[in-house]
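Numbering (our numbering), first residue to last: 690 to 1184. Backbone N, C-alpha and C define an ideal beta-carbon position, used for all residues, glycine too. Just so we're clear, the structure is a prediction, and the values are computed from it rather than from any experiment. What follows is a single structure, written as structure tokens, with notes after it.
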């Protein structure tokens, strides 16, 4: 009972169909129609108990066929009408198929078996007032055998129910694949239940670890929240998995990130928040919405003035805006592909720093970039020391991508290169070289730029005061701990 064994169900339905076929023949009179009807009801109830709570279509089809055999049916050769007991057995079977709205099934514990024997004892009344060997109250004892065993997976991002494949492993290490939502076998016969779907992150319930949590989920019909993998869609949005395969194929091409398309981002997720973010902030065709100032008015026939749509020029992106949009699109694509959306606010912060650094540099922004570069350098150094060989596991990728970190570093270097002509005399003065300019007499903007340059390269004051020649300068700079990039620039300043 409640096992959902299809072989046992097919066996019970086979004999039920056999008794239905025999009922229309002459041999039914010799065997006794009441006997055949009782056997038919027993087989039908057996099929209903086996598929309890699963809404099995094959069993329901037989129930609908028998339910139509009422006393109002035409005369022979139509099938003989079922008695009151037969109709009761049919309706009991339908009730078992949809027990608890598909949330519950029957147990096979000793107490449950005793209750089922009393509730479905194969002795059915002939009419509604027949109480010779039938007590209607006993038919309700089946509730003592009801047990909730429905697994309900739910996407934690969308908070909607979803389909997911699961594995159940019994005490004999026999693995059975199922697709949830479904009713699992009795927990007393299992040792492990696992959400094992390629589109979702796995969740495992083991008997000796977190078995009580699974019992709690089943008892109250709670949903099990699961996390969808990056690049995968639900079975409702992508039943065959074609879009999922396309999205996963795009992740293998690392060069695609530098020329990303907003459509590729939408392939990886069905999250409304991400789709709205892409729609509102990553749209490149800004000129499609034409403003009133860019409408070109042309003359038509009959002196009718009609607006002629053209390209909107006042709303077109500038070069810095296009660069910022491209960077934001690349960051969003990388975070969605790697399933690290938590890193998107971090990256947008650095994009904002790069954007505001050129007109208004601050030491705070420079220190943020230095911390980022230091973090990536330490991670790369640690990865090299812990490098795996052969077929062992590779090191985990950092939360912040190396490629984007290098891009930020190059962007900062290009900004400093553009300032070099303005900073050269003041840098010479600060480092102890002869210069006709004084730092105290420069503008506030130059002071900000100079402080940012000095903080970024960790240049000590008067580092080149006693340096003579390139060799002595190199030794002096190594002692001071100056970076190689700063060393090359200081050599240029000395020349």
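In the DSSP assignment, residue 904 falls outside any beta strand (DSSP E) and lies within the alpha helix (DSSP H) extending over 900-908.
Residue 884: member of the beta strand (DSSP E) spanning 879-884, first to last residue.
Under the DSSP assignment, residue 1019 falls in the alpha helix (DSSP H) whose first and last residues are 1008-1026. Taking C-beta atoms as the reference points, residue 748 and residue 821 fail to come closer than 8 Å. For residue 1046, the uninterrupted alpha helix (DSSP H) run begins and ends at 1033-1046, by DSSP. Annotation: residue 917 to residue 907 spans about 22 Å, alpha carbon to alpha carbon. Between the stretch 893-910 and the stretch 875-882, the count of C-beta pairs closer than 8 Å reaches three or more; the two stretches touch. In the three-state reduction of the DSSP assignment, residue 756 falls in the helix class. Taking 3 residues as the shortest admissible run, the stretch 786-841 contains the following complete beta strand (DSSP E) segments, listed from N- to C-terminal end: 793-795 and 835-837. Going by C-alpha positions, residue 876 is about 8 Å away from residue 838. Take the alpha-carbon of residue 1064 and the one of residue 1072: they are about 12 Å apart.
In the DSSP secondary-structure assignment, residue 1104 is not bridged to any residue. Secondary structure at residue 1148: coil, using DSSP grouped into helix, strand and coil. The beta-bridge partner set that DSSP reports for residue 869 consists of 853.
Excluding the 5 residues flanking it on each side, residue 866 has same chain C-beta neighbours closer than 7 Å at 854 and 856, in chain order.
When only Cα atoms are considered, residue 737 and residue 830 end up about 16 Å apart.
The alpha-carbon separation between residue 870 and residue 912 amounts to approximately 10 Å.
Rounded to whole angstroms, the separation of the alpha carbons of residue 966 and residue 1119 is 47 Å.
Counting along the chain, residue 960 sits inside no beta strand (DSSP E), nor does DSSP assign it H or E at all. For residue 874, the number of other beta carbons within 10 angstroms of its own is at least 16, and it is reported as buried.
By the Cβ neighbour-count rule, residue 1145 is buried, with 16 or more other Cβ atoms within 10 Å of its own.
Pairing residue 744 with residue 794 gives a Cβ-Cβ distance that is not under 8 Å.
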